[in-house]
Structure formats: C-alpha cells, structure tokens
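Remarks on the structure that follows.
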Amino acid sequence: MNIYLQTLMRDIRSALRNLSSVMNPLLFFIISISLFPLAISPESATLSQIAAGIIWVASMLAVLLSLNTLFHDDFDNGVLEQMVISHHSLPLLILSKIVAHWLLTGVPIILLSPLLGTLLFLDSESVKVLMLTLLIATPSLSLIGAMGASLIVSIKNSGMLLSLLILPLYIPILIFASSAVSQAQAGLEIDAQLYFLSAILVMSLMVAPFISALSLKISLE
7 MNIYLQTLMR DIRSALRNLS SVMNPLLFFI ISISLFPLAI SPESATLSQI
57 AAGIIWVASM LAVLLSLNTL FHDDFDNGVL EQMVISHHSL PLLILSKIVA
107 HWLLTGVPII LLSPLLGTLL FLDSESVKVL MLTLLIATPS LSLIGAMGAS
157 LIVSIKNSGM LLSLLILPLY IPILIFASSA VSQAQAGLEI DAQLYFLSAI
207 LVMSLMVAPF ISALSLKISL E
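Add 6 to a position in the sequence shown, counting from 1, and you land on the number used in our numbering.
Written out as structure tokens, the structure is:
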C-alpha cells in the first residue's frame with residue numbers, strides 16, 4: 007500500500023506547488039454561481055427553485071476544467087510510462103491519482119456548497135441534501151472524468167474533446183442530484199435519487215480505474 011499512498015501524496019504536493027491548477031476551477035465555481043443572481047433575478051423565490059441546478063452545473067464544469075492536469079503532467083515527464091511498466095497494479099495507481107483529484111477538487115466544492123446554497127436562498131434542509139448529493143456524486147465525476155482524460159492524454163489542447171467525451175456521461179448524475187434537492191424542497195422522499203447516485207458511484211469505482219489503465223496503455227503504445 008505504500009506506493010499507492012506515495013502516489014496520492016505526490017499528486018497532492020504537486021498540485022499545492024502549482025496552486026493555479028487547484029484554484030482556477032474553484033474560482034470558476036464560485037464566480038459563475040455568484041453571477042447568476044445578477045443575470046437572472048435577485049428574487050429569492052426564483053433563485054431557490056433553480057439553485058440546485060446552478061450549483062450542480064457549475065460543479066460539473068469546475069471538475070471538467072481540472073481534469074486536464076490529471077494525467078498530462080505525468081505524461082509529459084515520463085511518469086506515466088514508469089507506472090505502466092512497473093510491477094504495481096496500474097488501476098490502483100490510477101485510483102490513487104483519482105482520489106487525489108477528488109480531495110483537491112471535489113472536497114472544496116462540497117465545503118463551499120453551503121455558503122453558495124445560502125447565497126441562492128436554499129433552506130437549511132435543502133443545503134444538507136445538496137451537500138449529501140455532492141458527497142456521493144463528486145467522486146463519480148472524478149472517476150468518469152479519468153476515463154476521458156486517459157483516452158486523450160497524448161493529445162495537446164484537448165479540452166474541447168474532453169468535454170464532448172465526458173459531459174454526456176455526467177448528465178444522469180446532474181438529473182438525479184438536482185432532482186434530489188428539488189424533491190427535498192417540496193418535502194418529498196429522496197431515497198430513489200440517492201440510490202441511483204450511489205449505484206453510479208459503485209459502478210464508476212469498479213469500472214473507471216480499469217478502463218483508464220487500458221486507455222493509458224493504448225495511448226502510450
């Protein structure tokens with residue numbers, strides 16, 4: 007387990023040395039949500055109805071912005087090749103990198119969501135549900151995003167291609183997560199949405215590291 011923890015800590019240290027790669031997606035997340043009251047309406051009734059969708063769309067785009075650095079730096083300096091030819095499990099090494107990505111991107115988004123939810127006039131119960139959906143589903147965003155990032159790791163300036171690959175796979179998460187918050191606002195049960203989000207997380211966890219490993223091997227050949 008030592009090598010996988012070392013990979014996790016190495017990615018975190020590398021990101022903290024280059025703070026712009028961590029801060030830019032989070033600043034985009036905060037600024038884009040803050041501009042919606044100016045663009046749509048400052049009325050609390052209007053904003054509270056669309057708050058969940060706003061926050062979740064901004065979360066998805068912020069994660070998408072951060073995916074460009076998931077494998078590209080290691081590809082450029084040859085670390086990925088060493089990972090592929092090493093005797094250690096490549097899917098687990100990739101999972102360590104995905105966990106580091108989630109800790110640097112997903113966790114800050116979860117922690118910022120109560121403040122931004124309050125800014126958009128969500129009630130306390132809806133904010134709790136919003137945080138719960140983010141906690142369950144943001145790991146799925148990183149896992150699914152890793153599959154797309156591994157496919158285009160050898161392509162320069164591939165941000166648009168990555169978006170075309172990944173955004174359709176994010177849509178079910180967006181639908182179920184936004185629906186959970188809307189149902190909570192209406193006082194209805196949200197068990198079904200949480201079950202679907204949890205199922206997506208389990209499936210992503212089982213599949214994404216292996217597909218990413220296979221894609222990296224193909225990209226490096």
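Yeah, the Cβ is synthetic: ideal placement off N, Cα and C, and Gly gets one too.
Hey, out of the options, whose CA is closest to residue i's CA?
i    : options                   : result
D210 : S146, T75, A64 and V90    : One detail in the question is off: residue 210 reads as Ser in this sequence, not Asp. S210 has its Cα closest to that of S146, out of S146, T75, A64 and V90.
A106 : L157, L222 and T13        : T13
S225 : L207, L71, E195 and L157  : L157
L140 : L109, S119 and S130       : S119
I179 : S95, S50, L33 and V208    : V208
I56  : V113, L32 and A186        : A186
N30  : L53, S54, H93 and L110    : L110
I36  : G123, K223, F216 and H93  : G123
S54  : E131, P174, I150 and S169 : E131
I206 : A192, Y176 and A155       : Y176
N24  : A45, D129 and S72         : S72
Whose C-beta lies closer than 7 angstroms to the C-beta of residue i among residues of the same chain, with five residues either side of it excluded?
i    : result
A152 : L76, I100, I104, A214 and S218
P114 : L32
V90  : L96, L222, K223 and L226
W62  : L180, A183 and S184
Kindly indicate if chain B contains any beta-carbon less than 8 angstroms away from that of residue i.
i    : result
G151 : This model lacks chain B altogether, as it is built from one protein chain only.
Can you round the beta-carbon distance between residue i and residue j to whole angstroms, since I take them to be within the 8 angstroms contact cut?
i    : j    : result
I68  : F42  : Before going further, note that residue 68 is Ala rather than Ile in the sequence given. About 14 angstroms separates the two Cβ atoms, so there is no contact after all.
S127 : S50  : Sequence inspection shows Phe at residue 127; the Ser mentioned does not correspond to that position. Their Cβ separation, rounded to whole angstroms, is 4 angstroms, which keeps F127 and S50 in contact under 8 angstroms.
S27  : A64  : That pair is no contact at about 18 angstroms.
I172 : L70  : 6 angstroms
I161 : L170 : The pair is not a contact, with the Cβ atoms about 12 angstroms apart (cut-off 8 angstroms).
Kindly list the residues whose CB is nearer than 8 angstroms to the CB of residue i, restricted to its own chain and excluding five residues on each side of it in sequence; keep chain order.
i    : result
Q20  : Rather than Gln, the amino acid found at residue 20 in this sequence is Ser. So the qualifying residues of the chain are D79.
Q199 : T139, F182, A183, S185, A186 and Q189
L86  : F77, D80, V159, L222 and L226
L98  : Y10 and P215
I116 : M137, L140, L141 and T144
Suppose the cutoff is 6 angstroms on Cβ atoms and the five residues either side in sequence are ignored; what does the same chain contact list for residue i look like?
i    : result
V159 : F77, F81 and S225
D17  : K103 and A106
V133 : P120 and G123
What are the start and end residues of each continuous alpha helix (DSSP H) run of 4 or more residues lying completely inside the stretch 73–126, in chain order? 78–82, 85–91, 96–107 and 113–125
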